[in-house]
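My numbering runs 64 ahead of the 1-based position in the sequence shown.
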Amino acid sequence: MIGVITGDIINSEKFAQPDEWLTQLKALFGTIGPEPGTWEIMRGDSFQVQIARAETVLATALYIKATIKRNAGLDARMAIGIGTKSYDAPKVSEANGEAFIHSGRLFDQLKKNTLAVKSPWQAFDSTINLCLELASLTMDKWTANSAEIMALSLENPGKTQAELANMLGISQGRVSERQQRAGYDAIMKLETFFRESVQQQLNK
Numbered sequence: 065m066i067g068v069i070t071g072d073i074i075n076s077e078k079f080a081q082p083d084e085w086l087t088q089l090k091a092l093f094g095t096i097g098p099e100p101g102t103w104e105i106m107r108g109d110s111f112q113v114q115i116a117r118a119e120t121v122l123a124t125a126l127y128i129k130a131t132i133k134r135n136a137g138l139d140a141r142m143a144i145g146i147g148t149k150s151y152d153a154p155k156v157s158e159a160n161g162e163a164f165i166h167s168g169r170l171f172d173q174l175k176k177n178t179l180a181v182k183s184p185w186q187a188f189d190s191t192i193n194l195c196l197e198l199a200s201l202t203m204d205k206w207t208a209n210s211a212e213i214m215a216l217s218l219e220n221p222g223k224t225q226a227e228l229a230n231m232l233g234i235s236q237g238r239v240s241e242r243q244q245r246a247g248y249d250a251i252m253k254l255e256t257f258f259r260e261s262v263q264q265q266l267n268k
C-alpha cells in the first residue's frame with residue numbers, strides 16, 4: 065500500500081512572487097524522490113506526490129502545509145489517498161491504482177476542508193477525518209511563525225527545543241510558545257495515532 069497526496073495552493077494567484085514558495089515546495093518534494101516519477105507540480109499551483117510508505121503520508125502532508133503557510137496568506141488544500149498501485153508510469157500523474165483514485169476523487173470533493181483522507185477502511189476514514197477537521201481549526205490559522213516552527217520541528221524530529229531555538233536564533237521559551245500556539249503536541253499525537261492505525265490495518 066502507498067500514499068498519494070493530490071493538492072493545490074490556496075491564494076496562489078494573490079502571491080506576487082511564486083518563486084519563493086515554489087522553491088521551498090520543490091526542495092521538500094526532492095527529499096521524497098525524483099521528479100516526475102515521484103512528484104509533479106502542474107498548472108503552476110497544483111501538485112501530486114507519491115509516498116512509498118502509507119503510514120507516513122500524513123506526516124508529509126503536515127510538512128507540506130507548514131512549508132506553504134510559512135508564506136503569509138498561502139495555504140494548501142490536500143486529499144490523501146491510501147491504497148494499492150496497479151500501474152507505474154514515468155510521470156506520477158499518469159500512474160494508476162486504488163491510492164491514486166482515492167486521492168483524485170477525494171480532492172474533487174474537497175470544499176471547506178483543507179485536508180482529508182480516503183482509504184480502503186471506512187471506519188478508519190470516519191475517525192481520522194473527524195480528527196483532521198478538528199485539527200484544521202488550528203492548522204488553518206497558523207501564522208508564518210507557527211508554520212515555521214512546525215516545519216522545523218517536522219524536519220528535525222530528534223531536536224530539543226533548545227536546539228531548535230539555536231537554529232532560529234531565538235530563546236527556548238519562544239520556541240515553546242510558538243509550538244504551543246501551533247498546537248504542535250496535539251497535532252503530533254494525531255500523526256502518531258494515524259501512523260499506528262495504518263500499520264494496524266496493514267498488519268491484518
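Idealized CB from N, CA, C, for every residue including glycine. As the structure is a prediction and not an experimental result, all values here were calculated from the model.
In this structure, does DSSP put residue i in helix, strand or coil?
{"i": "residue 96", "result": "coil"}
{"i": "residue 110", "result": "strand"}
{"i": "residue 234", "result": "coil"}
{"i": "residue 182", "result": "strand"}
{"i": "residue 206", "result": "coil"}
{"i": "residue 135", "result": "coil"}
{"i": "residue 226", "result": "helix"}
{"i": "residue 102", "result": "coil"}
{"i": "residue 65", "result": "coil"}
Suppose the cutoff is 6 Å on Cβ atoms and the five residues either side in sequence are ignored; what does the same chain contact list for residue i look like?
{"i": "residue 183", "result": "146 and 189"}
{"i": "residue 164", "result": "68"}
{"i": "residue 131", "result": "88, 92 and 215"}
Beta-carbon within less than 7 Å of residue i's beta-carbon, same chain only, minus the 5 sequence neighbours each way: which residues are those?
{"i": "residue 225", "result": "236, 239 and 240"}
My assumption, with CB atoms under 8 Å, is that residue i sits in contact with residue j. Please give the rounded CB distance.
{"i": "residue 255", "j": "residue 123", "result": "5 Å"}
{"i": "residue 76", "j": "residue 138", "result": "7 Å"}
{"i": "residue 246", "j": "residue 214", "result": "5 Å"}
Looking at residue j and residue i, is the spacing between their C-beta atoms short of 8 Å?
{"i": "residue 194", "j": "residue 125", "result": "no"}
{"i": "residue 96", "j": "residue 102", "result": "yes"}
{"i": "residue 71", "j": "residue 140", "result": "yes"}
{"i": "residue 242", "j": "residue 209", "result": "yes"}
{"i": "residue 155", "j": "residue 100", "result": "yes"}
{"i": "residue 129", "j": "residue 65", "result": "no"}
{"i": "residue 187", "j": "residue 167", "result": "no"}
Is it right to say residue i is buried, meaning 16 or more other beta carbons lie within 10 angstroms of its own, or is it exposed?
{"i": "residue 109", "result": "buried"}
{"i": "residue 134", "result": "buried"}
{"i": "residue 228", "result": "buried"}
{"i": "residue 162", "result": "buried"}
By Cβ distance below 8 Å, which residues in the same chain neighbour residue i in space, the five residues on each side in sequence not counted?
{"i": "residue 259", "result": "119, 120, 122 and 123"}
{"i": "residue 106", "result": "112 and 157"}
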